[in-house]
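*Asks:*
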Amino acid sequence: MEPVAHVEAPLKKTARKYVVIGRVQGVGFRFFAENWANHLGLSGYVKNCADGSVEAYAVGETAALEEFRARLAAGPPSARVDQIQEIEEQVQRSYRRFVIESDW
Numbered sequence: 001m002e003p004v005a006h007v008e009a010p011l012k013k014t015a016r017k018y019v020v021i022g023r024v025q026g027v028g029f030r031f032f033a034e035n036w037a038n039h040l041g042l043s044g045y046v047k048n049c050a051d052g053s054v055e056a057y058a059v060g061e062t063a064a065l066e067e068f069r070a071r072l073a074a075g076p077p078s079a080r081v082d083q084i085q086e087i088e089e090q091v092q093r094s095y096r097r098f099v100i101e102s103d104w
């Protein structure tokens with residue numbers, strides 16, 4: 001009898017949108033988010049919003065998304081994060097990497 005090869009199923013990717021509220025514009029927050037997203041292997045975008053918040057849409061494995069949220073909550077040294085809204089989203093296949101999108 002031949003041994004059965006064990007093949008691991010690919011991990012399921014999910015998507016989340018984060019709206020980060022506080023002093024998060026003009027402090028390098030988008031570059032900070034882009035750096036962490038790329039480090040964690042996420043795809044999606046980050047952008048400034050007209051109301052002064054920052055929006056990030058990220059696709060990846062659940063553990064990576066949880067770590068990304070924790071990094072967003074900490075923010076770069078010159079930022080002040082008061083609140084993060086997290087919304088489960090549909091996975092959009094159009095994002096192959098994580099990018100900074102232009103402002104509103």
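In this text, residue positions in the sequence shown follow the numbering used here: the first is 1, and each later residue adds one.
Here a beta-carbon is modelled for each residue, glycine too, at the ideal position from N, C-alpha and C.
Give me the Cα-Cα distance between Gly28 and Gln90, rounded to the nearest whole angstrom.
*Replies:* Start at 1 with the first residue of the sequence shown, and residue 28 comes out as number 28. Start at 1 with the first residue of the sequence shown, and residue 90 comes out as number 90. Gly28 and Gln90: Cα-Cα distance of roughly 27 Å.
*Asks:* I'd like to know whether the C-beta atoms of Arg96 and Gly22 end up nearer to each other than 7 Å.
*Replies:* What you label residue 96 is simply residue 96 of the sequence shown in a count that begins at 1. What you label residue 22 is simply residue 22 of the sequence shown in a count that begins at 1. It is not a contact, given that the beta carbons lie outside the stated cut-off.
*Asks:* With DSSP run on the structure shown, which of helix, strand or coil describes Glu67?
*Replies:* Working through the sequence shown from its first residue, we reach residue 67 at position 67. Reduced to three states, the DSSP call for Glu67 is helix.
*Asks:* Check Arg93 in the structure and name its three-state DSSP category.
*Replies:* Locating residue 93 in the sequence shown gives position 93, where the first residue counts as 1. Coil, per DSSP.
*Asks:* For the candidate residues Leu65, Val24, Gly52, Phe32, whose alpha-carbon lies nearest to that of Ser43?
*Replies:* Numbered from 1 along the sequence shown, position 43 holds the residue referred to as residue 43. Here the closest residue by C-alpha is Leu65.
*Asks:* Using the three-state DSSP reduction, which class does Ala33 fall into: helix, strand or coil?
*Replies:* Position 33 of the sequence shown holds residue 33. Three-state result, Ala33: helix.
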